[in-house]
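Contents: one structure, followed by commentary.
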Amino acid sequence: GENVEQHPSTLSVQEGDSAVIKCTYSDSASNYFPWYKQELGKGPQLIIDIRSNVGEKKDQRIAVTLNKTAKHFSLHITETQPEDSAVYFCAASRIWGSGDKLTFGTGTRLAVRP
Amino acid sequence: EADIYQTPRYLVIGTGKKITLECSQTMGHDKMYWYQQDPGMELHLIHYSYGVNSTEKGDLSSESTVSRIRTEHFPLTLESARPSHTSQYLCASSGSGANVLTFGAGSRLTVL
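Structure, rendered in structure tokens:
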């Protein structure tokens, strides 16, 4: 089955700086890579996703990059704000078929210092 | 607005009690999931369902059971709770053909 590793487990940045979270996956057939944000007292919420036919995707201050050859993908948050403080999870799966259940990384707790 | 609802949000019970965590979604999603989230943040899939009368065990073994009698409802039951069951339980759903999960706010269970 799929295995997703996520680093770092904790990250502290100054407001306005950038934050980068990295994930690696093991199943070369995985082709869907979402990122979820979990705020305190809430369930995780999808913030951005990327499919394997795309190398990079951007949505305002967040971007995700994918390197299929190396089997790793990253989340980039620019101009961080205090409201970015949360736990972030990467995940991987196949889009169709028996491998379509998401495998989550272990999470990164991001703290943005004002 | 959350379209997936979990009750209770918090529950403190004694060992040996039977509990049911409720999960309902109004989106008509076929797929529903239960995740257990430990204090270390990790999300572990314990049950999932691809439709009515379909239930499967997830990657993490769990003593809980689930049922899917109606599309919108996916309750989780523990027949005899133990302190080792203390955790946060998250319910999620997704539409057919899509991997996008919508999570509920979670049920935090404490077993004394």
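Just so you know, the protein sequences line up as chains S and H, in that order.
Just so we're aligned: the first sequence equals residues 2 to 115 in my numbering.
Just so we're aligned: the second sequence equals residues -17 to 94 in my numbering.
Every residue, glycine too, gets a C-beta built ideally from N, C-alpha and C.
All of these numbers come straight from a predicted model, not from anything done at the bench.
- Here S/Ser29 carries a coil assignment [DSSP, helix/strand/coil].
- For the options H/Gln70, H/Ser46, H/Ile51 and H/Met14, the alpha carbon positioned closest to that of H/Asp20 is the one of H/Gln70.
- Taking S/Glu80 as reference, the option from S/Ile96, S/Gly2 and S/Glu16 with the minimal CA-CA separation is S/Glu16.
- H/Ser36 has H/Gly33 as its beta-bridge partners, per DSSP.
- A distance below 8 Å between beta-carbons, with the five flanking residues on each side excluded, links H/Gly10 to the following residues of its chain, in chain order: Thr53, Glu54 and Gly77.
- What H/Met14 touches in chain S, judged by beta-carbon distance under 9 Å, is nothing: the nearest beta carbon there is about 12 Å away.
- For H/Ser75, the uninterrupted beta strand (DSSP E) run begins and ends at Ser69 to Ser76, by DSSP.
- If you check each beta-carbon in the segment 45 to 68 of chain H against every beta-carbon of chain S, none falls closer than 8 Å.
- At the C-beta level, H/His67 and H/Val93 come within 7 Å of one another.
- With respect to the 7 Å criterion, S/Gln39 and S/Gly106 are not classified as neighbours on the basis of their beta carbons.
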